[in-house]
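The next block holds one structure in the form of structure tokens; read it before the comments.
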Amino acid sequence: MRVGQCAIADKINKGIKMKVGDKFLFMYVTHYFTGRVVEITPSEVVIDNAAWIPDTGQFNECIKDGTVAHCQPCPNDVQVRIPRPCITVQWIHNLPRTVQTG
């Protein structure tokens, strides 16, 4: 598992390198999203099979097992802006796609 700040271009950050098809958990100050990368630009990442994760539950279990306490799947693609700070964690599990209300 790779953890680090969002890095779309080397000039921004030498952290995680994303490629189309990779799955990630995107963490912002108040919002978390999961999804599969379908497009990368210098200022955003477009993800499909996206879900808003308002509550991860125990974070270590979320990352280790792919379980979340609260999930709201998005019906359409989501454009994830890449401001600083944004933390990404590569998601190695099936993406959460079932409504969970914690």
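First residue of the sequence shown: 47, per the numbering used here; consecutive thereafter. A virtual CB, placed ideally from N, CA and C, is assigned to each residue, including glycine. Since this is a predicted model, take the numbers as computed values, not measurements.
Residues of its chain near residue i, where Cβ-Cβ distance is below 7 angstroms and the 5 sequence neighbours each way are ignored
i, result
"residue 126", "72, 79, 90, 91, 93"
"residue 117", "97, 99, 142, 144, 145, 146"
"residue 103", "113, 114, 115"
Terminal residues of the beta strand (DSSP E) in which residue i lies
i, result
"residue 111", "Counting along the chain, residue 111 falls outside any beta strand (DSSP E), though it belongs to the alpha helix (DSSP H) covering 105 to 111."
"residue 78", "78 to 86"
"residue 135", "133 to 136"
"residue 71", "69 to 73"
8 angstroms CB neighbourhood of residue i in its chain, flanking five on each side removed
i, result
"residue 75", "131"
"residue 65", "83, 86"
Local conformation of residue i per DSSP, three classes
i, result
"residue 99", "strand"
"residue 64", "coil"
"residue 146", "strand"
"residue 123", "coil"
"residue 117", "strand"
"residue 91", "strand"
Beta-carbon contacts of residue i that lie in its chain and below 6 angstroms, excluding the five residues immediately before and after
i, result
"residue 119", "97, 143"
"residue 68", "83"
"residue 77", "none"
Rounded straight-line distance, which links the Cα of residue j to that of residue i
i, j, result
"residue 145", "residue 123", "17 angstroms"
"residue 110", "residue 138", "9 angstroms"
"residue 95", "residue 106", "22 angstroms"
"residue 101", "residue 70", "16 angstroms"
"residue 112", "residue 99", "12 angstroms"
"residue 108", "residue 140", "12 angstroms"
"residue 121", "residue 81", "12 angstroms"
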